[in-house]
Structure formats: C-alpha cells, structure tokens
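Residue numbers (the working numbering): 269 to 580.
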Amino acid sequence: MVRPERRDLPVDQSVDLAGVRLKNPIVVASGTFGFGREYGQFYDLSELGGICAKGLTLHRREGNPPPRIAETPMGILNSVGLQNPGVDAFIEHELPELRKHDLVVIANISGNTPEEYGIMCEKLSEAGVDMIEVNISCPNVKAGGLAYGTKPELAAEVTRVAKEHATVPVMVKLSPNVTDVTEIARAVADAGADALSLINTLRGMRIDVNTRRPILKMNTGGLSGPAVLPVAVRMVWEVANAVDLPILGMGGVAKGEDAAQLMLAGASAVAVGTACFADPYAPIRVRDGLAQIACAQGLDKVSDLTGGVRPW
Ligand SMILES: Cc1cc2nc3c(=O)[nH]c(=O)nc-3n(C[C@H](O)[C@H](O)[C@H](O)COP(=O)(O)O)c2cc1C
C-alpha cells in the first residue's frame, strides 16, 4: 500500500460536531482502528479529524469465539463481540498515547445496563476524552437481551443516564436494524443527545453449503463495508430531516465521493471503518478526495456540503 501524496488544497476542511472542532471531517470508525497503535505505524494520527476508539465495556471482555470475520460480496460480516481491555485500562494505557497526537478522541461505550453506561461516562469525562459515543446496539440484560437501539424507550433511557453522568458531548450511535430509524433518532434527541452517529452494522449471515454450518461461530454477524453505503446514505438523510442534531455519518465509506454523499445527505463529519482493513491509508484518501470534490465545486469550506442534497 502506497502512502497518498500530500496535496494542500485551498479549502477549509474544519468542521464542528456538537461544539467539538475537528480539523477535517474524517474520523475512524469504532472497532476498525483499535486504539490507533497499529495504524500509527503508517502515518501520524494527527492527520485524522478524530478517532472513535474501539468499543469499551465496564470490564474487560474476550469477545466471541472464532471464526468471527467472514468476507461477503462488497463487505464483511463480523461477530467480534466487543473484545476490549475495559474502560479503566483504556484510560490508563491507551488514552495517554492517543493524547500525544492532535486529533479528537471519541470513546465508544457499550453497557449491559443503563447504570454501566453512567459509570463509564463519568470515568471517561473525568479522564478527558473529547466526546463519548454511546453504542446502543448491545443487549440490555434487564430487558432479556433486547438491544437498546431497537426500542425508543430503552434508547432514550440510556441517553438520559449517559447525559446525567457525562460532562463532555454525548453522541448516540444508531442501529440500522430497525423498521424506522427516525423513531429512535427522535427518542434519543428528546432525551438530550448532543449528536448522533450512524450506521452501525446490519445483521447478516453466511452459510457454508457443504458443511451446512454458518461461517461465523455466532451464526450471525454485522455487515459492513461498501455494500452498506446506500443504506447509510438513506438513513442519514432520513435522520437529518427528522431531528436537529449534528450527525457523524458512516457505513461503507471507501473514497471521497462516498463521504461527500453522506455529507450531502446531512452528515457534519464522516467515519471510515472497514475500508481501513484493506488499506490503512483509506481515511487519508477519503479526506483528500472529499476536499478535492469541495474544491472542484467551488466551495470555500468542506462543511458547505452538509445537507446540500437536492431531492426530487
Ligand atoms: C470488526 C468490527 C468491529 C466493530 N466494533 C464496533 C464497536 O466496538 N463499537 C461500535 O459502535 N461499532 C463497531 N463497529 C461498527 C463500525 O464502527 C461501523 O459503524 C460499521 O462498520 C459501518 O462502517 P464501515 O462500513 O465503514 O465499516 C465495528 C465494525 C467492525 C467491522
């Protein structure tokens, strides 16, 4: 993989996400960039607008048994299952490393109960992350394993608790595995979220026809990569029309044009996820491609793309 050539373009790339300034709109998506250590060998993380760190839980987790990644046409299925060292280890070992770079640090959290979200929000705010991304695609143990992100009342409850305990902006990450994403977006907005991010992975499955076994040990997994981009663009557009909150758009972004679509649909910033696996420089290419599109369209600021779609 070759490092993209650096080109300074006459366009302001800075964006605002719930009062947090990013020097450019490109963030890396949670769970696809670890805590930046591996990718930091390729380039200075300061080139990025921000990082959504690997999803954290209150206590360390081993994740799910393998196989937990499977390729699909234009994407991958994963059932990694939130493998992570726990919130305290992140604060002690990973956050100080990330802080050596000039980028916005967004901690991504998952909990089994609203209380767990609250405790993590308190710890991470105190530790000085710039923002907290609340992943509501995880099961609520009290509600019998039902994902928080699929029921407006549960999503709102988690948002309220997170807001009560956080002193930094709270961004709630929406699941696409719902009939009407705007219903959840409204519930979360009414509960006080400062921003929304979307989309998380779409539930999918692959089967080996010879063994008749699912490829993933967990049977099903989450689909990401280029295959999900049109779903992400549609959902960002719907949510942008439904609520007045800044959006971090993601899902299948691999080039500048993909990011521009999400911004035109209403996103203020864009995260690059699965594309990083095949090309560590993908976020840099997306950043530069997006800036080129803004320049070619005669814009002074990349942020002028946000919400600019002209629907029929
Ligand atoms: C291997 C893998 C692990 C992920 N882990 C998390 C996670 O810990 N927390 C989270 O909110 N999203 C997680 N995601 C979802 C991504 O952050 C992103 O929302 C999704 O993959 C869509 O973007 P993409 O198509 O650019 O990858 C993960 C995705 C992948 C592929």
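Heads up, the beta-carbon is just placed ideally off N, CA and C, and yes, glycines get one too.
- Ala-539 carries a strand assignment under DSSP once its states are collapsed to helix, strand and coil.
- At least one heavy atom of ligand 1 lies closer than 7 Å to the C-beta of Asn-468.
- Between the alpha carbons of Arg-553 and Arg-274 lies a distance of about 10 Å.
- When secondary structure is reduced to three states using DSSP, Leu-484 falls in the coil class, being assigned neither helix nor strand.
- In the pairwise beta carbon analysis, the segment 523 to 539 is classified as touching the segment 289 to 298: at least three pairs are separated by under 8 Å.
- With a threshold of 7 Å, the Cβ atom of Asn-445 does not count as near ligand 1, since no heavy atom of the ligand is closer than that.
- Not one heavy atom of ligand 1 lies closer than 7 Å to the C-beta of Thr-427.
- Taking non-hydrogen atoms of ligand 1 into account, the C-beta of Leu-350 is found less than 7 Å away from one of them.
- The beta carbons of Ile-467 and Val-436 sit about 23 Å from each other, so the pair does not count as a contact at 8 Å.
- A residue is called buried once 16 or more other Cβ atoms fall within 10 Å of its Cβ, and Gly-343 is buried on that count.
- When the five nearest sequence neighbours on each side are left out, the beta carbons in the same chain lying within less than 6 Å of the beta carbon of Ser-571 are those of Val-283, in order along the chain.
- In this structure, the CA atom of Ala-434 is about 48 Å from the CA atom of Val-477.
- When DSSP states are grouped into helix, strand and coil, Ser-393 belongs to the helix group.
- Of all alpha-carbon atoms in Val-270, Glu-506, Ala-550, the one lying nearest the alpha-carbon of Asp-526 is that of Ala-550.
- Between ligand 1 and the CB of Val-540, the shortest heavy atom gap is smaller than 7 Å.
- Apart from the 5 residues on each side of it in sequence, Trp-580 has no Cβ closer than 7 Å to any other Cβ in its chain.
- Per the coordinates, the alpha-carbon of Gly-379 lies some 12 Å from the alpha-carbon of Glu-425.
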